[in-house]
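In this note's numbering, the protein residues as written are 19 to 266. All C-beta atoms in this analysis are idealised placements derived from N, C-alpha and C, irrespective of residue type, glycine included. Treat the numbers as computed from the prediction; the structure is a model and nothing was measured. Structure record follows, encoded as structure tokens.
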Ligand code: BV8
Ligand code: ZN
């Protein structure tokens, strides 16, 4: 079912639900000014210094040219510096207190869900605000400006971005936590994702198979649209708050 806004039926389901889970992607941060990865139809729009995201954010490039990967993430940290969460992030943060059982899994590495007050968040693809040491496993919050690239750990080893690159495993236990919530929830929201990246894109399908009502929020149809219960064609910042404000 494709609808232009929150229907009374969806709002009633929302009002009765106790176990809710959500998966977000780059689209929920779009209204905060964060560029998404793919435009309409999933065509990659991001490239930097003439190289596509799939190459810049790859395990291979980190191994062969860590300085370029650090420059790429430093560039993006700079873009994020003054950006703030939007009404979509705020709505999801508010839902945490509303539902006895709530979990938010995000593919985003921008930290905007935490900045909006969400606490029960699984960062499936890590965090651009952190570095990780391969030698002593320390995880550090990165300063706004890095003295050298790659930055160094207190143990003097080079840090890597604490981000899951293409071809890398997700953080230990992250997918499993999200998978458990998707399999146990009554209502699963999938917001602002083209659902092209795996294994994150499996979560809405797992939720549906386990019997949840899956609601997609996206201004465009995606690969998921044919397999979800409802697609609300709209922006996250408009649609998510409308679940709590009847008649909007
Ligand atoms: C792994 C961090 C296994 C880096 C990211 C072929 C088939 C299936 C899988 C694969 C395959 N080939 C390779 C794979 C695996 C690969 C993958 O899925 N590739 C895809 C591209 C085909 N996956 C991996 O490599 C994963 N690891 O599989 O490991 C393994 C097994 C054994 C041994 C080793 C490994 C790791 C994937 C994680 C990659 N890291 N991010 C970085 O950020 O640079 S993924 C990256 O894409 C971001 O995290 C991003 O969030 C994510 C997904 O993109 P979306 O969030 O969906 O963003 P997108 O722009 O695409 O869509 C935005 C949507 O928002 C649009 O629909 C738009 O309409 C909508 N929108 C716009 N405005 C709004 C809005 N919605 C609401 N409101 C608005 N206002
Ligand atoms: Zn170290």
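Checklist entry - For ligand 2, which residues count as neighbours when the test is a C-beta closer than 5 Å to any heavy atom? => result 151, 153, 154, 156, 171, 173, 175
Checklist entry - Which residues in the same chain have their Cβ closer than 7 Å to the Cβ of residue 183, if we skip the five residues on either side of it in sequence? => result The count along the chain shown starts at 1 and reaches residue 183 at position 165. Shown here for residue 183: same chain residues with a beta carbon closer than 7 Å to its own, the five before and five after excluded, namely 75, 76, 77, 80 in chain order.
Item to check | When 247, 236, 73 are compared against residue 257, the one with the closest alpha-carbon | outcome: The count along the chain shown starts at 1 and reaches residue 257 at position 239. Out of 247, 236, 73, 236 has the C-alpha closest to the C-alpha of residue 257.
Item to check | Beta-bridge partners of residue 231, as assigned by DSSP | outcome: By 1-based counting over the chain shown, the position of residue 231 is 213. Answer by DSSP bridge pairing, in chain order: 205.
Checklist entry - Candidates 42, 57, 108, 99: which alpha carbon is nearest residue 262's? => result Within the chain shown, residue 262 is the residue found at index 244, counting from 1. The candidate whose alpha carbon is nearest that of residue 262 is 108.
Checklist entry - Taking contact to mean at least 3 C-beta pairs separated by less than 8 Å, is the region 195-208 in contact with the region 223-232? => result With a cut-off of 8 Å, the region 223-232 and the region 195-208 count as touching, because enough Cβ pairs lie within range.
Checklist entry - Thinking just about the alpha-carbon of each residue, which of 85, 220, 132 is nearest to the one in residue 102? => result Your numbering for residue 102 matches position 84 in the chain shown. The candidate whose alpha carbon is nearest that of residue 102 is 132.
Checklist entry - Rounded to a whole number of angstroms, what is the C-alpha to C-alpha distance between residue 187 and residue 217? => result Within the chain shown, the letter at position 169 stands for residue 187. Within the chain shown, the letter at position 199 stands for residue 217. Looking at the two C-alpha atoms, the distance is approximately 10 Å.
Checklist entry - residue 49 and residue 104 look like a contact to me (Cβ under 8 Å); what is the Cβ gap, rounded to whole Å? => result Within the chain shown, numbered from 1, the residue matching residue 49 stands at position 31. Within the chain shown, numbered from 1, the residue matching residue 104 stands at position 86. Rounded, the Cβ-Cβ distance is 4 Å, consistent with contact.
Next on the checklist: Could you check whether the Cβ of residue 49 sits closer than 6 Å to any heavy atom belonging to ligand 3?
Outcome noted: This structure simply doesn't include ligand 3; it includes ligand 1 and ligand 2 instead.
Item to check | Given residue 124 as reference, the closest of 163, 255, 219 once Cα atoms are compared | outcome: Looking up residue 124 in the chain shown gives position 106. Checked all of 163, 255, 219; the closest Cα to residue 124 is 219.
Checklist entry - Is the Cβ-Cβ distance between residue 177 and residue 135 less than 7 Å? => result In the chain shown, the residue the question calls residue 177 occupies position 159. In the chain shown, the residue the question calls residue 135 occupies position 117. Not in contact: residue 177 and residue 135 (Cβ atoms no closer than 7 Å).
Checklist entry - When you compare only the Cα positions, how much space is there between residue 87 and residue 175? => result One-based indexing of the chain shown puts residue 87 at position 69. One-based indexing of the chain shown puts residue 175 at position 157. Distance between the alpha carbons of residue 87 and residue 175: 17 Å.
Checklist entry - Should the region 31-38 be regarded as contacting the region 110-120, the criterion being three or more beta carbon pairs within less than 8 Å? => result yes
Checklist entry - Leaving out the 5 sequence neighbours to the left and right, which residues in its chain are closer than 7 Å to residue 31 when beta-carbon positions are compared? => result Mapped onto the chain shown, residue 31 falls at position 13. The answer, listed in chain order, is 205, 231.
Checklist entry - What does residue 162 pair with, by DSSP beta-bridge criteria? => result Taking the first residue of the chain shown as 1, we reach residue 162 at position 144. Looking at the DSSP assignment, residue 162 forms no beta bridge with any residue, so it has no partner.
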